Ligand SMILES: [Mg+2]
């Protein structure tokens, strides 16, 4: 059995990512806002979302969460085909928005993981400077809940990420964030972001260490191209580390950091979704305001309770029904 805090943090990873997504949905493509500008789960935005409705980020993450919750090996064809089938279910439902790169790849794939991966690779070959969107990083939180070896998080993150985004820099970002979510669930800290660098190829460690240094020291608005996976990760990390943890109410850090992520402008839903995955994994679902969890909802007709259910290991699964090690 998992202890209560760990269960809360598992739920938090999914639920806070969804809340960040729904919070940012009403502000997508906005300019940076003042530090005290109110940020609420108002919906609207360029795609006309309902208040509390999540966007493509969480819809695609739900497919991953379902595969993780049902057990199985993330490197298996079965696991990945299940994710891909659900993505096509979602795309067929005529959602308000599908990310550009994902739309292009889904349109060329044959509804299997293998076909989608080939289409994503082809997109990368033909658009080498335009295939590192943030669309794989935005759906990493659920994989952080899988039962894997430490290095396994990197391998699984690359496999699931490369279904739509074949640029290696996207896979590196996905590996770092997936590992960090796992680490936060297990240890209740943000230390996994730096610890993750140990698992990168040796010649990429200093590069990513420098990117994290920038995120910790530069204003969040310095990462203005946050539709790009690197700036999206840096903006999310900046929102987390540059928001002070309140002495009198530490878990409120989750809400404050998500509001800061949205105020950075640009791809607000995705940056807040990425930040939310890690913030929730650190502080737990219990740190989320009820005003958010009571409203959050989206494809395929899920609400907060459904995401909490998906965050729990299936007791019948030998793969997931054991403590994380
Ligand atoms: Mg979105």
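Residue numbers (my numbering): 165 to 489.
Every residue gets a Cβ at the ideal spot worked out from N, C-alpha and C, and that includes glycine.
Everything numeric in this text was worked out from a predicted model, so none of it was measured.
Exercise for the section: State whether the region 413–430 contacts the region 285–299, with contact taken as three or more CB pairs (one from each stretch) at a distance under 8 Å. Expected result: The region 413–430 is not in contact with the region 285–299.
Exercise for the section: Determine the closest residue to residue 200 out of 431, 420, 362 and 463, with distance taken between C-alpha atoms. Expected result: One-based indexing of the chain shown puts residue 200 at position 36. Nearest to residue 200 by C-alpha distance, out of 431, 420, 362 and 463, is 420.
Exercise for the section: Kindly examine ligand 1 and report whether one of its heavy atoms sits closer than 6 Å to the Cβ of residue 355. Expected result: Within the chain shown, numbered from 1, the residue matching residue 355 stands at position 191. No.
Exercise for the section: Report the rounded CA-to-CA distance for residue 395 versus residue 306, giving the unit in angstroms. Expected result: In the chain shown, the residue the question calls residue 395 occupies position 231. In the chain shown, the residue the question calls residue 306 occupies position 142. Residue 395 and residue 306: Cα-Cα distance of roughly 21 Å.
Practice task
Round the Cβ separation of residue 233 and residue 251 to the nearest angstrom and send it over; I've been treating them as touching at under 8 Å.
Solution key: To locate residue 233, count along the chain shown from 1; it is residue 69. To locate residue 251, count along the chain shown from 1; it is residue 87. The Cβ separation is near 16 Å, so there is no contact.
Exercise for the section: Specify the secondary structure class of residue 476 as computed by DSSP and reduced to three states. Expected result: Here residue 476 corresponds to residue number 312 of the chain shown, with the count starting at 1. Coil, per DSSP.
Exercise for the section: Spell out a yes or no on whether the region 340–356 and the region 253–273 are touching, meaning 3 or more CB-CB pairs, one atom from each, closer than 8 Å. Expected result: Verdict: no, contact absent.
Practice task
Look up residue 147 in the DSSP assignment and say whether it is helix, strand or coil.
Solution key: Residue 147 is absent from the model: the chain starts at 165 and stops at 489.
Handout entry: Close-in-space but distant-in-sequence residues of the same chain around residue 353 (CB under 8 Å, 5 per side omitted)
Key = For the purposes of this step, residue 353 is taken as residue 189 along the chain shown, with counting starting at 1. Excluding positions up to five away in sequence, the list reads 347 and 446.
Exercise for the section: Drop a sphere of 10 angstroms on the beta-carbon of residue 455, count the other beta-carbons inside from all chains shown, and report buried for 16 or more, exposed for fewer. Expected result: The residue you call residue 455 lines up with position 291 of the chain shown. It is exposed - the Cβ of residue 455 has fewer than 16 other Cβ atoms within 10 Å.
Exercise for the section: Return helix, strand or coil for residue 234, following the three-state DSSP convention. Expected result: For this step, residue 234 is matched to residue 70 along the chain shown. In this structure, DSSP gives residue 234 a state outside helix and strand, which the three-state scheme calls coil.
Exercise for the section: Using three-state DSSP, classify residue 217 as helix, strand or coil. Expected result: If you number the chain shown from 1, residue 217 lands on position 53. It is a strand residue.
Exercise for the section: Indicate the three-state DSSP secondary structure (helix, strand or coil) for residue 194 in the structure shown. Expected result: Translated into positions along the chain shown, residue 194 becomes position 30. In the structure shown, residue 194 falls within a strand segment according to DSSP collapsed to helix, strand and coil.
Handout entry: Chain-ordered residues, beta carbon under 5 Å from a heavy atom of ligand 1
Key = Near ligand 1, meaning a beta-carbon closer than 5 Å to one of its heavy atoms, we find 219, 220, 221 and 433.
Handout entry: residue 430 - DSSP class collapsed to helix/strand/coil
Key = Residue 430 sits at position 266 when you count from the first residue of the chain shown. Strand, per DSSP.
Problem - Top-ranked residue by Cα proximity to residue 217, from 474, 465, 473 and 469 - result: As a working mapping, residue 217 is identified with position 53 in the chain shown. The alpha carbon of residue 217 has as its nearest neighbour, out of 474, 465, 473 and 469, the alpha carbon of 465.
Practice task
Mind the definition here: the region 203–220 touches the region 234–242 only if three or more C-beta pairs lie below 8 Å; say whether that holds.
Solution key: No, because fewer than three Cβ pairs between the region 203–220 and the region 234–242 fall closer than 8 Å, the two stretches do not touch.
Practice task
Ignoring anything shorter than 4 residues or poking outside the region 427–468, list the alpha helix (DSSP H) runs there in chain order.
Solution key: If one requires a minimum length of 4 residues, the alpha helix (DSSP H) runs lying completely within the region 427–468 are 432–447 and 454–457, in chain order.
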